[in-house]
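These notes are about the structure you will find just below.
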Amino acid sequence: MLEFLPPRLRDAVRHVNLNLLYELRVRADKPLRANLGGRFCYLGEFGETDRESDALRPTEAEISDTLFAASGYSVYSVAEQMKKGFLTGEEGERIGIAGSYVYEDGGVLSVHAVTSLCIRVPHAVEGCAEEIYSRCLSDHMRSLILLSPPGGGKTTLLRDLTRLVCEKRLLNVLVSDERGELSAGDLGKTSDIVRFADKLTAFTAGIRAMRPELIVTDELLPEDYAAVSRAMCSGIFVFASAHLVRVSDVPKKIFDRYILLDGLGKIGRICGADGNVVA
20 MLEFLPPRLR
30 DAVRHVNLNL
40 LYELRVRADK
50 PLRANLGGRF
60 CYLGEFGETD
70 RESDALRPTE
80 AEISDTLFAA
90 SGYSVYSVAE
100 QMKKGFLTGE
110 EGERIGIAGS
120 YVYEDGGVLS
130 VHAVTSLCIR
140 VPHAVEGCAE
150 EIYSRCLSDH
160 MRSLILLSPP
170 GGGKTTLLRD
180 LTRLVCEKRL
190 LNVLVSDERG
200 ELSAGDLGKT
210 SDIVRFADKL
220 TAFTAGIRAM
230 RPELIVTDEL
240 LPEDYAAVSR
250 AMCSGIFVFA
260 SAHLVRVSDV
270 PKKIFDRYIL
280 LDGLGKIGRI
290 CGADGNVVA
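In my numbering, the protein residues as written are 20 to 298.
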């Protein structure tokens with residue numbers, strides 16, 4: 020995990036508990052910060068520190084080296100991912116990038132002069148979705164969506180929920196993993212994974228080719244709801260997530276259950292399409 024980091028940063032990370040490391044904020048010439056178990060702290064040469072003055076300050080060269088290593092030493096091979104603002108490490112680490120975007124003919128041509136990285140570390144927490152399964156799916160299958168701000172633990176819950184459905188119901192599950200992050204972990208023995216395809220492509224091709232009974236996907240955007248709706252009209256259940264905090268914010272009320280998270284991976288309310296608590 021995080022083997023793409025340059026030596027100085029990698030050595031600092033090795034001094035912390037990786038089971039608690041959710042996010043690493045790497046900014047050129049600014050203090051290195053980490054999210055450990057839901058709280059941010061500085062990282063120094065020997066791991067966690069409360070003193071900003073003791074924090075490592077990554078250089079632009081170290082950021083470039085990180086991207087080069089994470090790309091498998093071929094930035095060209097991940098150019099399409101980088102145009103979308105991220106790339107994915109070998110073990111599912113999602114590396115968000117901030118830099119200068121170059122446009123051509125109305126579209127993004129490339130991203131360069133990257134000065135900030137937001138590295139999200141995937142975690143497989145077996146059993147974390149048991150409560151969702153018990154409250155929403157124990158009697159029969161439903162389509163559902165997890166709602167929270169970024170970093171709320173939605174992806175971790177979706178992974179475990181997928182595993183549980185594969186284990187308990189033996190459904191044919193298609194995982195649409197647009198960013199290569201959702202499939203970092205055990206998704207169950209009856210799951211099939213489509214990586215790095217947009218949701219329209221993954222849903223359309225996946226339904227035709229793999230005949231799924233359930234599709235699982237992450238981070239829905241408004242333009243994705245048409246593909247989700249078509250899948251549901253075909254009799255396919257859908258599990259999804261979105262960076263939203265209210266049921267009323269969901270563009271289309273097509274799901275059976277809306278699960279609002281309260282804190283990191285914690286269930287707040289489970290609602291119907293009208294926003295009323297149902298479970």
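Glycine is no exception: its CB is placed at the ideal position from the N, C-alpha and C atoms.
query                                                                                                                                                                : result
With distances taken Cα to Cα, identify the nearest neighbour of HIS262 among GLY63, CYS252, TYR277.                                                                 : TYR277
Return the Cβ separation of ALA75 and LEU28 in integer angstroms, given the expectation that the two are a contact with Cβ distance under 8 Å.                       : Ala is not the amino acid found at residue 75; the sequence shown has Leu there. Between LEU28 and LEU75 the Cβ distance is about 7 Å, and since that is below 8 Å, they are a contact.
Report the residue ranges of all beta strand (DSSP E) runs contained in full by the region 221–276; include only those spanning at least 3 residues, in chain order. : 233–236, 256–261
Under a three-way DSSP split, which group does LEU106 fall into?                                                                                                     : strand
Should ALA80 and GLY108 be called a contact, given that it needs their Cβ atoms to be closer than 7 Å?                                                               : no
Is it the case that the Cβ atoms of LEU280 and GLY287 are separated by a distance below 7 Å?                                                                         : yes
What residue ranges within the region 59–114 form continuous alpha helix (DSSP H) runs of no fewer than 4 residues, ordered along the chain?                         : 79–89, 98–102
Below 7 Å between beta carbons: does that hold for ALA221 and SER260?                                                                                                : no
Output the distance between the C-alpha atoms of TYR61 and ARG227, rounded to the nearest integer angstrom.                                                          : 48 Å
Would you give the residue range spanned by the alpha helix (DSSP H) that GLU186 belongs to?                                                                         : 173–188
Inspect the CB distances between the region 130–137 and the region 40–48 and report whether three or more fall short of 8 Å.                                         : yes
Do you know offhand how far GLU8's Cα is from GLY170's?                                                                                                              : Since the first residue of the chain shown is 20 and the last is 298, residue 8 is not available in this structure.
For my contact list, GLY284 and CYS147 are in at a C-beta cut-off of 8 Å; report their separation, rounded to the angstrom.                                          : 6 Å
Per the DSSP calculation, CYS290 is bridged to which residue(s)?                                                                                                     : TYR277, VAL296
What does DSSP give as the partner residues of GLU123 in its beta bridges?                                                                                           : GLY126
Is it the case that the Cβ atoms of CYS185 and LYS208 are separated by a distance below 7 Å?                                                                         : yes
Is CYS137 helix, strand or coil by DSSP?                                                                                                                             : strand
Please classify LYS173: is it buried, with 16 or more other beta-carbons within 10 angstroms of its beta-carbon, or exposed?                                         : buried
Hey, ARG178 and GLY204 are a contact pair by Cβ (cut 8 Å); roughly how many whole angstroms apart?                                                                   : 5 Å
How would you call SER202, buried or exposed, if buried means at least 16 neighbouring beta carbons within 10 angstroms?                                             : buried
Give a yes or no on whether the C-beta atoms belonging to PHE256 and LEU239 are separated by under 7 Å.                                                              : no
In chain order, what residues of the same chain have a beta carbon less than 6 Å from the beta carbon of LYS102, not counting five sequence neighbours either side?  : VAL127
Within a Cβ cutoff of 8 Å, which residues of the same chain sit near ALA298, ignoring the five residues on either side of it in sequence?                            : ARG154, CYS155, ARG276, ILE289
Starting from ASP196, follow its DSSP beta bridges and name the residues at the other end.                                                                           : ARG214
Within this structure, are the beta carbons of LEU193 and PRO141 separated by less than 7 Å?                                                                         : no
Between which two residues does the beta strand (DSSP E) harbouring VAL45 extend?                                                                                    : 40–46
Just how far apart, CA to CA, sit SER267 and PRO26?                                                                                                                  : 46 Å
Quick check on the burial criterion: 16 or more other C-beta atoms within 10 angstroms. Buried or exposed for THR78?                                                 : exposed
How long is the line joining the alpha carbons of GLY254 and SER157, rounded to whole angstroms?                                                                     : 19 Å
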